[in-house]
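Scroll down for the structure; my scribbles are underneath it.
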Amino acid sequence: MKKVLIFTASIGGGHNEAASCLEKEFTQHDFIVKKVDALLAISKSFDSFISGSCKIIVNNFPKLYGNLYDISNKEKTNKLLNISLAKIAKEKIYNMILEENPDLIISTHSFVISMVGHLKEKNLINIPFISVVTDYEAHKIYVNDNVDAYIVASEHTGKTLLAQGVSKDRIFPYGIPIKAEFLDKCNIAPINKKPFQILLMAGSLGLKSMTKVLDNIITLDGDYHIVAVCGNNKKLKLSIETQYTNLIKSNKITLYGFTTNIPSIMENSDILITKPGGLTVSEAIAKRLPMIIPYYIPGQEKENLDFLVKNGMGIYVYQIKEIKSLIEYIMKNPSVINNMKKNMEKMGNGFCPNNVVYLSENLINDCTLNR
Numbered sequence: 002m003k004k005v006l007i008f009t010a011s012i013g014g015g016h017n018e019a020a021s022c023l024e025k026e027f028t029q030h031d032f033i034v035k036k037v038d039a040l041l042a043i044s045k046s047f048d049s050f051i052s053g054s055c056k057i058i059v060n061n062f063p064k065l066y067g068n069l070y071d072i073s074n075k076e077k078t079n080k081l082l083n084i085s086l087a088k089i090a091k092e093k094i095y096n097m098i099l100e101e102n103p104d105l106i107i108s109t110h111s112f113v114i115s116m117v118g119h120l121k122e123k124n125l126i127n128i129p130f131i132s133v134v135t136d137y138e139a140h141k142i143y144v145n146d147n148v149d150a151y152i153v154a155s156e157h158t159g160k161t162l163l164a165q166g167v168s169k170d171r172i173f174p175y176g177i178p179i180k181a182e183f184l185d186k187c188n189i190a191p192i193n194k195k196p197f198q199i200l201l202m203a204g205s206l207g208l209k210s211m212t213k214v215l216d217n218i219i220t221l222d223g224d225y226h227i228v229a230v231c232g233n234n235k236k237l238k239l240s241i242e243t244q245y246t247n248l249i250k251s252n253k254i255t256l257y258g259f260t261t262n263i264p265s266i267m268e269n270s271d272i273l274i275t276k277p278g279g280l281t282v283s284e285a286i287a288k289r290l291p292m293i294i295p296y297y298i299p300g301q302e303k304e305n306l307d308f309l310v311k312n313g314m315g316i317y318v319y320q321i322k323e324i325k326s327l328i329e330y331i332m333k334n335p336s337v338i339n340n341m342k343k344n345m346e347k348m349g350n351g352f353c354p355n356n357v358v359y360l361s362e363n364l365i366n367d368c369t370l371n372r
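Residue numbering for the sequence shown follows my numbering, beginning at 2 and increasing consecutively.
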């Protein structure tokens with residue numbers, strides 16, 4: 002049996018989710034799969050420092066995060082970053098690769114690219130290497146001559162790699178890997194059901210923003226139902242339960258903590274209010290669920306937002322107080338959502354995790370022949 006080594010990192014949930022999706026896909030095709038958190042494998046202290054620092058900056062200093070993102074996207078800074086990462090981690094990653102002896106390496110986080118790329122450049126390993134870009138624009142840190150194939154979210158993402166010198170034959174717009182449940186049945190029928198269902202991915206918005214959104218939309222005119230998903234944010238769930246007890250009891254609001262039922266909830270919703278994380282955006286596109294974005298973290302999420310707005314799949318509101326009037330307008334003018342769904346249908350038709358497996362088999366076979 003062929004073996005694939007998948008590197009991920011616990012910085013944001015999207016990288017691990019994409020890795021888990023690929024793990025399942027390859028396992029179903031009779032591959033042996035080893036999934037590894039690269040930062041944790043290097044050392045617990047390194048993982049704690051990187052993950053902890055990112056979390057603190059993102060949560061408390063989002064503008065600083067955006068500035069760091071932009072600075073690291075410049076040629077000289079990015080080169081220095083890649084060299085530093087390779088020096089720190091190449092030995093641990095190299096020993097792990099030797100121990101696992103995979104036929105293929107996949108990375109769902111950009112940090113790993115310079116490490117594996119360095120090993121390939123020095124001819125220490127001769128193993129096909131796939132990088133999965135988990136946002137809708139590719140940061141310069143993804144660009145490496147030793148990546149054999151890039152799995153990207155869309156044709157647009159591919160163009161951002163082309164602009165940075167990556168050849169077209171290495172770019173494959175198969176979509177960010179998402180669970181098969183999101184690809185099963187697509188919600189593209191016109192709005193004709195009652196009530197109008199609003200899905201809030203509350204965990205991504207945080208307590209303060211979430212409360213503001215709920216306060217704004219609970220006085221909507223018309224027949225509506227709100228589904229709020231808090232994820233693992235227990236503090237947020239408790240706060241909503243306490244503040245909106247009567248609305249929950251009257252079934253105006255349905256509240257979830259962590260749930261595996263997101264595909265079905267999306268299927269039955271008419272609009273999604275969320276932050277534009279790469280994985281969430283892909284799941285919504287797959288379900289043809291138009292988005293309202295009231296908040297984003299500068300950097301990747303701003304680029305994802307620009308992509309959504311430009312392609313008519315999402316609407317950005319500059320102030321949370323605008324959401325109520327926007328939803329009321331949409332409820333009275335269903336053509337707005339129907340047009341957004343059509344745009345999503347065009348984009349979502351290209352999502353196919355199966356293709357990653359077929360591409361991998363070809364890369365492995367080509368590598369075997371050339372040895």
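Cβ coordinates follow ideal geometry from the N, Cα and C atoms, glycine included. Model, not experiment: these values are computed from the prediction.
Annotation note: the segment 82-146 contains the following uninterrupted beta strand (DSSP E) runs of length 3 or greater, listed N- to C-terminal: 105-108 and 130-133. Residue 54 has its alpha-carbon roughly 34 Å from the corresponding atom of residue 168. The Cβ-Cβ distance between residue 291 and residue 315 falls below 8 Å. Here the segment 136-147 does not lie against the segment 318-338, with fewer than 3 beta-carbon pairs under 8 Å apart. Proximity to residue 309 across 252, 175, 91 and 281 peaks at 281, based on C-alpha coordinates.
Distance check between residue 88 and each of 98, 102 and 116 places 116 closest, using alpha-carbon atoms only.
Non-local C-beta neighbours of residue 269 in its own chain, meaning closer than 7 Å and more than five positions away in sequence, comprise 198, ordered along the chain. The beta-carbon separation of residue 70 and residue 277, rounded to 14 Å, does not stay under the 8 Å limit for a contact. With a 10 Å radius around the Cβ and a threshold of 16 neighbouring Cβ atoms, residue 251 comes out exposed. Residue pairing for residue 347: DSSP places it in no beta bridge. DSSP, read as helix, strand or coil, puts residue 271 in coil.
Residue state for residue 175 is assigned as coil, using DSSP reduced to three classes.
The alpha-carbon separation between residue 182 and residue 264 amounts to approximately 6 Å. Going by DSSP, residue 237 is part of no beta strand (DSSP E) but of the alpha helix (DSSP H) stretching over 235-244. Three or more pairs of CB atoms, one per stretch, sit closer than 8 Å, so the segment 171-182 contacts the segment 11-23. Here residue 202 has 230 and 275 as same chain residues with Cβ atoms under 6 Å from its own Cβ, once five neighbours each way along the sequence are excluded. Apart from the 5 residues on each side of it in sequence, residue 32 sits with its Cβ closer than 6 Å to the Cβ of 3 and 5 in its chain, given in chain order.
Around residue 324, the same chain offers 214, 217, 218, 274, 293, 295 and 318 as residues with beta carbons nearer than 8 Å, after the five sequence neighbours per side are excluded.
Residue pairing from DSSP places residue 6 in a beta bridge opposite 35 and 106.
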